[in-house]
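S.K.: As given, the protein sequences belong to chains A and B, one line each in that order. As numbered in the numbering used here, residues 1 to 323 make up the first sequence, in order. As numbered in the numbering used here, residues 1001 to 1511 make up the second sequence, in order. Please read through the structure below; I'll follow up with questions.
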Amino acid sequence: MVILGPGETDTSPRGNLLRSTCIGCHSKTDSTTWKDSITGAPIVFNTTEPSYNSVKGLSAGNFFYVQTDDDKGHNIFSNNPDDKLDTAPGGTNPNCGTQSCHDNLHASNTDYGFRQGCSKCHMMKETGPQGFHHKNNPSSEPLVKSADDGWYRFLSGHQTGDGHGVSGLEDANWQKDPTSSIHNEYLGYSGSKTSAGGFSSLGDTITAYCTGCHGNFHVEQSSNVWIRHPSDSIIPDRGEFSNAFGAIGGIGTYDPLVPVARPSIDGWTEPKSTVELNSDLVMCLSCHRAHASPYFKMLRWDYKSWPGNGGTNGCTVCHTSKN
Amino acid sequence: MRLNLKLIFILSNITIILFIIYPNALKSGTYLDSAHGNTSYGVNRISLSLFSYSIGNCAHCHEQHASINGSEPNPVSGSPSSHLLFSENFINQSENFCLQCHKGAGSLQTEFQHKNYNYSYWFGGDHVHHSTPDNIYDALNSISGSSHNLQDILNFVKSKWPEIYKDESNPCNACHNPHISQRSYPVVRPIPEQRNNIWGDEPGEKMSDYASAHGGQYHAPYWYGSTTQYEPDGSTTTDGSNLTDYVTFCTDCHNDTNVIYSSSLNRNLKPINWSNSDRTFSKNGDYHGSIARCFDVDGTNGGQWRICGDFKELNLRSHPHPPDYYTDECDTSSGGVYQRDPVCASDTTDSNGNGVPDNIEYGNCYCEHKTTKARVPYPVWWGDIKEPYKTANYTNFILNCTDCHEPHGAINGDDTTIPYLLRKTVNGHYNKTCIGGPGNPCSWEEEYCRSCHHHRENTLQTYIPEFNFWVTQNGAHCGNYGNCIGCHFHNSYNRCYGCTYCNIGIHGHAF
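Okay, here's the thing in structure tokens:
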């Protein structure tokens, strides 16, 4: 029996003997389910607003918010295409065929195997989505740093990034209830600040992955002066940053609202509860959620409404004198 | 007591724990207290307000990716700019990031609830004559007038504090910090250790503090249109306790050690030493600064008019006065005690050939004592200080820079030339076209200086006791008049003849 996701009506057999699209398994029509009770699949799309935690979603957010507002996330819905953008902002990659992954996620691309929605980011391979689901990655070994591990959240490279993927520590509950000591970990690398990034220059980092579609946003400096916000820069222990994350003596407390990347995660068996200035890095996910969030531009807090809303501005976690 | 200690201990621990769990939850810092960060009147770029960004949001100035919704918001330059700003930080006097909003027509800010009128308007109270300039761009870019030259500022601060100011820096930041500057306290000192401290908002940063620390007192000028209200806020406070110590602020740059080139004046700026209290000739310092005044507030010296020169026969009668050219007026008027200087009288030069020597015909000779040969001194009126300073009668008035200068620029107008960023309204007095007549000098300088000083008075008489004679002076203090700043300028320590009174017979300070 085919499992239909919200809004899906096609009951015809799926390719590769699959019973469902990605959404079919990773969605719920209620607001409270964050993990499928049978399959254990993380729910990334609740058709009613998530209410199971304060951030209203798992670590990457929830596609609920992009259903009605394309400003709030990556639109993966084939039946409700993105009507704001027709290409990835900051995009530098060549057009990989019709409806390239680098242009949008909602439309189907058949030039490199059938891809639509989630598979335009996850399970990347030249010939089609690859079966990282079959990689065994026990929760007792959260470090994921190779194709054999299935890469972090099945995020792998291709073409110039072939053989590369994202490295990190995966929280067993996808940060359903994160704390300073319970969260994902991400690899970072402070590389060139004048290039469009990519795995070849930034290593197996999450920032490298994002630059696959948003590379121009990684052109961060000109004549050693910042021209865009850094996405792979070491947070210095000086000036206002010396108080970042409440740091004293260069050591602060990890804040899951504003995650940082680590220069190395080799050998890590659990996340660290601290942030080390002059070592840890700001990255794309320090500010954005990968799927969608309740906020403009999939930010992790309601930046656009600040300071009028009197709420939290995650920027000030690092920019401590700007609150 | 034990219960209270327990409670304090528990609350302290809860606070620490909350801080560890929610370090980002701390609120209300310096930016939110700043003018730009204010949620009612802070930054609000038109193109960003269309996306409903909150007033005061960082994005009104900084574009994290030089793109929103896939395109660059207005102004569109086609490329990202330094410091993530929405346009180039600084190019020249008119092309400047700050001026993209702080301008009149074409401003990118939705509105200014509090227009950037000049100092005379907001802090001098003159809302009558200063409806323009109403923005910083115009103040810095007047067609005629004077203003701070932004490139000169950048050149100087880059060389002075290279650890702070770079090629891509904005010279406005030498005086302001856009993240903390407030409406009432807009300035931040340019020196590295003070860049994150608003200047003027705390005890120790007031003009009263500066004055008392330098052996003097500050007295506020009149608020325009009033003799009971004073700058900078129209209150009755006069001691500077409500006024930023702009002297300390300005002299971070404008002191007597820094060499600052002015491309507008095509020379280095004159040095300023506001803190030296030593009146000694050749030492930098000013009477308007920490040097105690030399004259009494009424222009006399212990009730006596100060002497300028010696009394001439000319003053006793009008010359020429035929037919008695050769009558010795000195002798006649004194009853025989004084005489015409015989050396002078012996000069027979007769330029008009009428048979009467010029010195006799025009009364050029001094009156001297027949025995001692001492000349009769000629007292003159030196001018007095106007209210409110006259009544205050402090021994040492120490002025604030903004008592006389506009911070951004001054615009010519009403036939008044305003160089050196001088204010057009000073001490409640608006300087405009000279209308002539007694007490109405006809140069902008006299008009300007007489905001606080009487300079010449055509009706005042002074007494010459040697002749029991009152002389009606033709105005004027000793020496020339009309071109005040020829002698009176910052650090003019060797210009003033009259200050021989204060400097043991040699020239002295004139400002």
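C-beta: ideal position from N, C-alpha, C; glycine also. Quantities reported herein were computed from a predicted structural model and do not represent experimental measurements.
Out of curiosity, what's the CA-to-CA distance linking Val1188(B) and Gly203(A)?
M.R.: Cα to Cα, the separation comes out at about 43 Å.
S.K.: Which residue marks the beginning of the beta strand (DSSP E) containing Cys1308(B), and which one marks its end?
M.R.: Taken as a continuous stretch (DSSP letters only), the beta strand (DSSP E) holding Cys1308(B) covers 1307-1310.
S.K.: Would you give the residue range spanned by the beta strand (DSSP E) that Pro1145(B) belongs to?
M.R.: Pro is not the amino acid found at residue 1145(B); the sequence shown has Gly there. Gly1145(B) -> beta strand (DSSP E) spans 1145-1147.
S.K.: By how many angstroms is the C-alpha of Tyr1218(B) removed from the C-alpha of Tyr1394(B)?
M.R.: C-alpha separation (whole angstroms): 9 Å.
S.K.: Measuring CA to CA, which of Pro6(A), Gly128(A), Ser156(A), Pro236(A) is closest to Ile248(A)?
M.R.: When only C-alpha atoms are compared, the closest one is Pro236(A).
S.K.: I want to know whether the segment 62-72 of chain A touches the segment 277-297 of chain A - three or more CB-CB distances under 8 Å.
M.R.: Taking 8 Å as the limit for Cβ pairs, the verdict is that the segment 277-297 of chain A does touch the segment 62-72 of chain A.
S.K.: For Ser1094(B), collect the residues of the same chain with a Cβ closer than 6 Å to its Cβ; drop the 5 residues on either side in sequence, then sort them by chain order.
M.R.: Counting only Cβ-Cβ distances below 6 Å, and skipping sequence neighbours, we find Asn1141.
S.K.: Quick one: Cα of Tyr1022(B) to Cα of Ser1034(B), how far?
M.R.: Residue placement at Tyr1022(B) is flagged as unreliable, the pLDDT there being 38, under the threshold of 50; the coordinate-derived value follows with that caveat. Tyr1022(B) and Ser1034(B): Cα-Cα distance of roughly 24 Å.
S.K.: Go through its chain and collect everything with a Cβ distance to Ser321(A)'s Cβ below 6 Å, but skip five positions before and after it.
M.R.: So the list reads Glu240, once near-sequence residues are dropped.
S.K.: Contact between the segment 1202-1216 of chain B and the segment 1162-1180 of chain B: three or more CB pairs below 8 Å?
M.R.: Output reads no: the segment 1162-1180 of chain B does not touch the segment 1202-1216 of chain B.
S.K.: Starting from Cys315(A), find everything on chain B with Cβ-Cβ shorter than 8 Å and list it in chain order.
M.R.: Those are Cys1058, listed as they occur along chain B.
S.K.: Mind checking Thr1244(B): buried by the 16 CB within 10 Å criterion, or exposed?
M.R.: Counting Cβ neighbours within 10 Å, Thr1244(B) comes out buried, since at least 16 surround it.
S.K.: Identify whether Met124(A) lies in helix, strand or coil by the three-state DSSP scheme.
M.R.: Note: Met124(A) maps to coil in three-state DSSP.
S.K.: Where does Gln1064(B) fall in DSSP's three states?
M.R.: DSSP places Gln1064(B) in coil when its eight states are reduced to three.
S.K.: Rounded to whole angstroms, what is the Cα-Cα separation between Pro230(A) and Asn1427(B)?
M.R.: So the alpha carbons of these two residues sit roughly 51 Å apart.
S.K.: Taking Cβ to Cβ, would you say Leu1579(B) is nearer than 7 Å to Arg1045(B)?
M.R.: Limits of chain B in this structure are 1001 at one end and 1511 at the other, which puts residue 1579(B) out of reach.
S.K.: Helix, strand or coil for His229(A), going by three-state DSSP, please let me know.
M.R.: Three-state result, His229(A): coil.
S.K.: For Val225(A) and chain B, any beta-carbon pair shorter than 7 Å?
M.R.: Interface residue, yes.
S.K.: With a cut-off of 8 Å on the beta carbons, I'd call His288(A) and Ala88(A) a contact; round off their distance for me.
M.R.: The Cβ separation is near 13 Å, so there is no contact.
S.K.: In whole angstroms, what separates the C-alpha of Ile227(A) from that of Thr1416(B)?
M.R.: Their Cα atoms are separated by approximately 45 Å.
S.K.: What's the call for Arg238(A), buried or exposed, on a 16-neighbour Cβ count within 10 Å?
M.R.: Exposed, since its Cβ has fewer than 16 Cβ neighbours within 10 Å.
S.K.: Can you look up His133(A) in the DSSP assignment and give me helix, strand or coil?
M.R.: Residue state, collapsed to three classes: helix.
S.K.: In chain order, what residues of the same chain lie with their CB nearer than 8 Å to the CB of Ser1290(B), ignoring the 5 residues before and after it?
M.R.: His1214, Gly1215, Gly1216, Trp1274, Ser1275, Asn1276, Ser1277, Asn1396, Ile1398.
S.K.: Looking only at its own chain, which residues have a Cβ that is under 7 Å from the Cβ of Arg1195(B), when we skip the five neighbours before and after it?
M.R.: Ile1164, Asn1177, Val1188.
S.K.: Can you tell me whether Phe1511(B) is buried or exposed? The criterion is at least 16 other CB atoms within 10 Å of its CB, across all chains shown.
M.R.: Classification for Phe1511(B): buried.
S.K.: Hey, would you say Ile1485(B) sits closer than 7 Å to Glu1447(B), going by beta carbons?
M.R.: Contact: no.
S.K.: Looking only at its chain, what residues have a beta carbon closer than 8 Å to the beta carbon of Asp86(A), apart from the 5 residues adjacent to it on each side?
M.R.: Excluding sequence neighbours, Asp86(A) sits near Asp103, Asn104.
S.K.: Going by Cα to Cα distance, which pick from Gly246(A), Asp162(A), Asp255(A) is closest to Gln175(A)?
M.R.: When only C-alpha atoms are compared, the closest one is Asp255(A).
S.K.: Would you mind telling me which residues of chain B sit closer than 9 Å to Lys84(A), beta carbon to beta carbon, in chain order?
M.R.: Residues of chain B passing the Cβ test: Asn1069, Gly1070.
S.K.: Closest Cβ-Cβ distance between His229(A) and chain B: below 7 Å?
M.R.: Cβ-Cβ to chain B under 7 Å: yes for His229(A).
S.K.: Can you name the start and end residues of the alpha helix (DSSP H) that Gln175(A) belongs to?
M.R.: Where Gln175(A) is concerned, there is no enclosing alpha helix (DSSP H), given that its DSSP letter is neither H nor E.
S.K.: Output the boundary residues of the beta strand (DSSP E) element that contains Phe1469(B).
M.R.: Start and end: 1469-1472.
S.K.: Can you look up Asn243(A) in the DSSP assignment and give me helix, strand or coil?
M.R.: Looking at Asn243(A) - three-state DSSP - the assignment turns out to be helix.
S.K.: Measure the alpha-carbon distance for Ala290(A) versus Gly73(A) and round it to whole angstroms.
M.R.: So the alpha carbons of these two residues sit roughly 8 Å apart.
S.K.: Under 7 Å Cβ to Cβ from His1509(B), same chain only, skipping five residues before and after it: list those, please.
M.R.: Result list for His1509(B): Arg1279, Gly1285, Asp1286, Tyr1287, Ile1291, Ser1492, Tyr1493, Cys1496, Cys1499, in chain order.
S.K.: Should Ser12(A) be listed as close to the ligand GDP, given that the test is whether its C-beta is under 6 Å from any heavy atom?
M.R.: Ligands in the displayed structure: none, and consequently the ligand GDP is not present.
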